[in-house]
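*Asks:* Mapping of the sequence shown onto the working numbering: residues 13 to 316, in sequence order.
For every residue, glycine included, the Cβ atom is placed at its ideal position computed from N, Cα and C.
Note that this is a predicted model, so its numbers are computed, not measured.
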Amino acid sequence: MAKLIDGKLIAAQIRAELRKEVDEHIASGNRAPQLTAILVGEDPASETYVSNKMKAAKDIGINSVTKRLPADIGEQELLDLIDRLNKQDTVDGILVQLPLPSHMRERVVCNAVLCEKDVDGFNEINVGRMCLDMKSVIPCTPLGVQELIKRSNIETFGKNAVVVGRSKNVGMPIAMLLSSDGRNETSAMDATVTICHRFTPPNKLEEYCKLADIIVTATGIPGLIKANMVKEGACVIDVGITRITDVNGKSKLVGDVDFDEVKKVAGHITPVPGGVGPMTVAMLMKNTIAAAKNLAEAKKERSN
Ligand code: ADP
13 MAKLIDGKLI AAQIRAELRK EVDEHIASGN RAPQLTAILV GEDPASETYV
63 SNKMKAAKDI GINSVTKRLP ADIGEQELLD LIDRLNKQDT VDGILVQLPL
113 PSHMRERVVC NAVLCEKDVD GFNEINVGRM CLDMKSVIPC TPLGVQELIK
163 RSNIETFGKN AVVVGRSKNV GMPIAMLLSS DGRNETSAMD ATVTICHRFT
213 PPNKLEEYCK LADIIVTATG IPGLIKANMV KEGACVIDVG ITRITDVNGK
263 SKLVGDVDFD EVKKVAGHIT PVPGGVGPMT VAMLMKNTIA AAKNLAEAKK
313 ERSN
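1. I'd like to confirm something about Thr-231: is its beta-carbon nearer than 7 Å to some heavy atom of ligand 1, or not?
2. Fully enclosed by the region 106–156, which beta strand (DSSP E) runs are 3 residues long or longer?
3. How many whole angstroms separate the CB atoms of Val-176 and Ala-187, which I take to be in contact at a CB cut-off of 8 Å?
4. State the CB to CB distance for the pair Met-297 and Ile-38, rounded to an integer number of angstroms; the pair is presumed to be in contact (CB under 8 Å).
5. At a cut-off of 7 Å, would you count Cys-122 as near ligand 1, judging by its Cβ distance to the nearest heavy atom?
6. Look at the Cβ atom of Ala-224, then the Cβ atom of Ser-179, and state whether they are nearer than 8 Å.
7. Please name the residue in Phe-211, Gly-53, Lys-311, Asn-316 whose C-alpha comes closest to that of Asp-84.
8. Return the residue from the list Met-295, Ile-26, Lys-222 that minimises the CA-CA distance to Asp-130.
9. For ligand 1, any of its heavy atoms closer than 7 Å to the Cβ of Val-289?
10. If I measure Cβ to Cβ from Lys-171 and keep anything under 8 Å in the same chain, skipping five residues before and after, which residues do I get?
11. Quick one: does the C-beta of Leu-265 sit closer than 7 Å to a heavy atom of ligand 1?
12. On the criterion of 16 or more Cβ atoms from any shown chain inside 10 Å, does Lys-70 qualify as buried, or is it exposed?
13. His-209 CB to nearest chain D CB: under 8 Å?
14. Quick one: what's Gln-46 bridged to in DSSP?
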């Protein structure tokens, strides 16, 4: 039976560590870190995500502000707001909640956030630096997956990893981190990585997964990863979150993995909910504190 990787517990430990870090930052003469979220429109899921993030921030001593904009606002007005926040000394982290209304170009908006304040790591300079194994802001969900693997002492060096899903914000960066070269300046994982996606034939997906010591899946397809696709003892990280109605008519959240069966063959497994989800928010806090520290340091250097 697989060992459960308890994301809720690990995220709580990380939040406690971060709370201490914030206290120390303030004790050494700095103001509290500040995170500003921009929420465009009234999508209920986005509302919930932003409110969870803001609650988590407050809980560890980060000041948080939510800027709400109507769904029909022009892209330029959003860019102007980002520009003002970029220049504002009291703002350390800026997060634009995605998805944006369809009349806005997400790439242009993500690029408008100053790299140093880009706590989501979606600015293309941060993405590029991550791909080059250079120090950068790493997107929160991929960073959360990396942290879960590390804190569960899963060996990645020279191991086979399969990432199922190649989205630019989740699958792709996870694959980059897993294959990151330990001889460079970033946190090394050094795995051999295969990326599967919607055009990977099902029999090939099974073949690749079967060879994997680590499977990370992020497709949003419930039940995609079945027990016969998993090597005995493999580590299975489930990033998928889909809301379904079960046989009793009850609404519940499920991942990509056939959890009840896969846990019988895997060595480690994350549950959904309570696996990767809580880590994403914890990593946003980590990125915000890092941004605050870097900006404070840069300011000190400028005044010297
Ligand atoms: P997210 O942003 O959460 O990663 P997306 O919906 O953007 O989610 O991406 C889903 C990913 O899952 C895509 O990269 C897609 O190619 C992949 N995918 C979809 N169906 C399959 C499948 N049957 N087998 C493997 N990968 C799939």
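*Replies:* Looking at the coordinates:
1. Checking every heavy atom of ligand 1 against the Cβ of Thr-231, one is found closer than 7 Å.
2. List check, beta strand (DSSP E) in window: nothing returned.
3. That belief does not hold up - the Cβ atoms of Val-176 and Ala-187 are roughly 10 Å apart, past 8 Å.
4. About 15 Å separates the CB atoms of Met-297 and Ile-38; that is not less than 8 Å, and the two are not in contact.
5. Shortest gap from the CB of Cys-122 to any heavy atom of ligand 1: 7 Å or more.
6. It is not a contact, given that the beta carbons lie outside the stated cut-off.
7. Looking at the Cα atoms, Gly-53 is the closest of the given residues.
8. The shortest CA-to-CA distance from Asp-130 to any of Met-295, Ile-26, Lys-222 is the one to Met-295.
9. A small fix is needed here, since residue 289 is Gly in this sequence, not Val. No, the beta carbon of Gly-289 sits no closer than 7 Å to any heavy atom of ligand 1.
10. Taken in chain order, the residues that qualify are Ala-203, Thr-204, Asp-225, Ile-226.
11. Checking the 7 Å criterion, the Cβ of Leu-265 is out of range of every heavy atom belonging to ligand 1.
12. Only exposed fits Lys-70, as fewer than 16 other CB atoms lie within 10 angstroms of its CB.
13. You won't find chain D in this structure, because it holds only one protein chain.
14. According to DSSP, Gln-46 bridges with Asn-75.
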